[in-house]
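Colleague:
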Amino acid sequence: MADATAYRHFAAVYDELMREAPYERWADYLNRMTDTFGVTGRRVLDLGCGTGTLALLLAEKGWDVTGVDQSEDMLAVADEKISRADANVALIQQDLRALDLGAAYDVAVAFCDVLNYMASIEEVEDVIRRVHRHLSPGGLFLFDVHSVYKIDRVFRDASFCSGEDDIAYIWECFPGDEPHSVYHELSFFVREPSGLYRRFDETHYERTYPAETYLDALKRAGFTDVRVEADFQCGPPTDTSERLFFAAQK
């Protein structure tokens with residue numbers, strides 16, 4: 369999992385860089401899956417909540433939200449946004465691998481690559497087991513991950529860049545040390561009040577596994593009804609699907 373300090377600078381620019389992120393589609397997927405599985409409770413655990421954008425959206429839609437993140441800096445941004453919106457969202461700083469909240473929830477979500485930041489399948493399994501313990505009977509765990517195809521083919525040796533008046537970045541991807549892994553090397557240029565630009569650099573590491581590996585881990589943790597989709601579609605993944613969605617009921 370990414371060290372919390374990896375987001376020290378990233379937190380300040382995260383929302384600007386995530387302007388096009390599909391938060392409404394994640395919320396729609398949550399609603400569709402709770403309807404599909406017959407989950408009626410409204411307590412949701414937002415794992416890896418970051419700066420709280422999804423948590424705020426879910427609160428607006430009537431969910432009782434608790435957000436958890438390892439990064440103090442990301443949570444500080446989330447807390448400011450939640451205070452401005454006068455929203456009822458609880459925030460907790462914890463490492464998901466050691467999740468221990470002393471409460472049960474109807475739904476837990478981990479969207480936007482959260483499990484890809486676990487360094488090994490053992491860490492992924494640790495998180496899945498802890499989520500299972502925090503769900504009420506019949507509770508639902510929803511998460512998405514990059515597919516093997518995206519890590520190995522789309523990200524491999526790819527470069528991305530963006531330039532705005534106040535923020536610009538260069539993002540380069542390099543194969544990781546383990547199968548189906550990638551290093552993201554990012555350089556940010558943020559405009560200061562003086563008009564000069566301040567540069568900072570970060571490296572993020574992500575890793576994924578075939579869909580069957582996640583399905584097996586969910587079943588071993590005790591989830592009984594487990595389903596997988598891809599790319600916000602209702603159908604099963606294909607060889608070129610880029611994002612896998614998992615729904616697992618306790």
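In my numbering, the protein residues as written are 369 to 618. Each residue gets a CB set at the ideal place from its N, CA and C atoms; glycine is no exception.
1. Going straight from the alpha carbon of A616 to that of Q438, what length do you get?
2. Helix or strand or just coil, what does DSSP make of W361?
3. Check whether chain D comes within 8 angstroms of L483, counting only Cβ atoms and requiring the distance to be less than that.
4. Is P604 near E597, with beta carbons less than 8 angstroms apart?
5. Name the one or two DSSP bridge partners that S555 has.
6. Compute the Euclidean distance between the alpha carbons of C529 and A536, then round it to the nearest angstrom.
7. Output yes or no for whether 8 angstroms exceeds the beta carbon distance between I460 and V495.
8. If I follow the unbroken alpha helix (DSSP H) through V492, where does it start and stop?
9. Kindly indicate which three-state DSSP category A374 falls into: helix, strand or coil?
10. Give the DSSP-derived three-state secondary structure of V407 in the structure shown.
11. Between E570 and L554, which are expected to be in contact by the criterion C-beta below 8 angstroms, what is the C-beta distance as a whole number of angstroms?
12. Can you tell me whether L612 is buried or exposed? The criterion is at least 16 other CB atoms within 10 Å of its CB, across all chains shown.
13. According to DSSP, is Y577 part of a helix, a strand, or is it coil?
14. Are the Cβ atoms of V550 and I519 separated by less than 8 angstroms?
15. Check whether the stretch 422–434 and the stretch 444–454 are in contact - that is, three or more C-beta pairs closer than 8 angstroms.
16. Determine contact between the stretch 499–513 and the stretch 462–471, defined as no fewer than three beta-carbon pairs at a distance below 8 angstroms.
17. Let me confirm a value: N484 is counted as buried when at least 16 other C-beta atoms fall within 10 Å, else exposed. Which label applies?
18. Can you tell me whether A476 is helix, strand or coil according to DSSP?
19. Where do the N-terminal and C-terminal ends of the alpha helix (DSSP H) with I450 fall, by residue?
20. What distance in whole Å lies between the Cβ atoms of T421 and M442, which are believed to be in contact at a cut-off of 8 angstroms?
21. Just the Cα atoms here: how many angstroms apart are E540 and D481?
22. Compute the distance between the beta-carbons of V381 and V558, then report whether it is under 8 angstroms.
23. For L334, count neighbouring C-beta atoms within 10 Å of its own C-beta (all shown protein chains included) and say buried if the count is 16 or more, exposed if not.
24. Could you spell out where the beta strand (DSSP E) holding I519 opens and where it closes?
25. So R497 packs on A423, CB below 8 angstroms; how close in whole Å?
26. Closest by CA to T408, which one among W431, W394, A389?
Modeller: The answer reads as follows:
1. In this structure, the CA atom of A616 is about 24 angstroms from the CA atom of Q438.
2. Any property of residue 361 remains undetermined from this structure, which presents the chain solely from 369 to 618.
3. Any reference to chain D falls outside this structure, which holds one protein chain only.
4. In contact: P604 and E597 (Cβ atoms closer than 8 angstroms).
5. The beta-bridge partner set that DSSP reports for S555 consists of I538, D569.
6. So the two alpha carbons sit approximately 7 angstroms from each other.
7. Contact flag unset, no.
8. Element bounds for V492: 489–501.
9. For A374, the pLDDT reaches just 47, beneath the cut-off of 50, and the residue's location in the model is therefore unreliable, leaving the point undetermined.
10. DSSP places V407 in coil when its eight states are reduced to three.
11. Between E570 and L554 a beta carbon distance of about 5 angstroms is seen, short of the 8 angstroms cut, so the two are scored as contacting.
12. Per the 10 Å Cβ criterion, buried.
13. For Y577, the secondary structure class from DSSP, reduced to helix, strand or coil, is coil.
14. Yes; because the gap between Cβ atoms is below 8 angstroms, this pair is in contact.
15. Two segments are said to touch when three or more pairs of C-beta atoms, one from each, lie closer than 8 angstroms; by this definition the stretch 422–434 touches the stretch 444–454.
16. In this structure the stretch 499–513 touches the stretch 462–471; the number of beta carbon pairs closer than 8 angstroms is three or more.
17. Residue burial is scored here from C-beta neighbours: N484 has at least 16 other C-beta atoms within 10 angstroms and is therefore classed as buried.
18. Under the three-state reduction of DSSP output, A476 falls in the strand class.
19. Per DSSP, I450 is one residue of the alpha helix (DSSP H) stretching across 440–453.
20. With 8 angstroms as the limit, M442 and T421 do not qualify as a contact, their Cβ atoms being about 11 angstroms apart.
21. Cα to Cα, the separation comes out at about 17 angstroms.
22. Cβ atoms of V381 and V558: closer than 8 angstroms.
23. Since the first residue shown for the chain is 369 and the last is 618, residue 334 is missing from the structure and cannot be characterised.
24. Taken as a continuous stretch (DSSP letters only), I519 belongs to no beta strand (DSSP E), as it is neither H nor E.
25. The Cβ separation is near 23 angstroms, so there is no contact.
26. That would be W431, whose Cα lies nearest to the Cα of T408.
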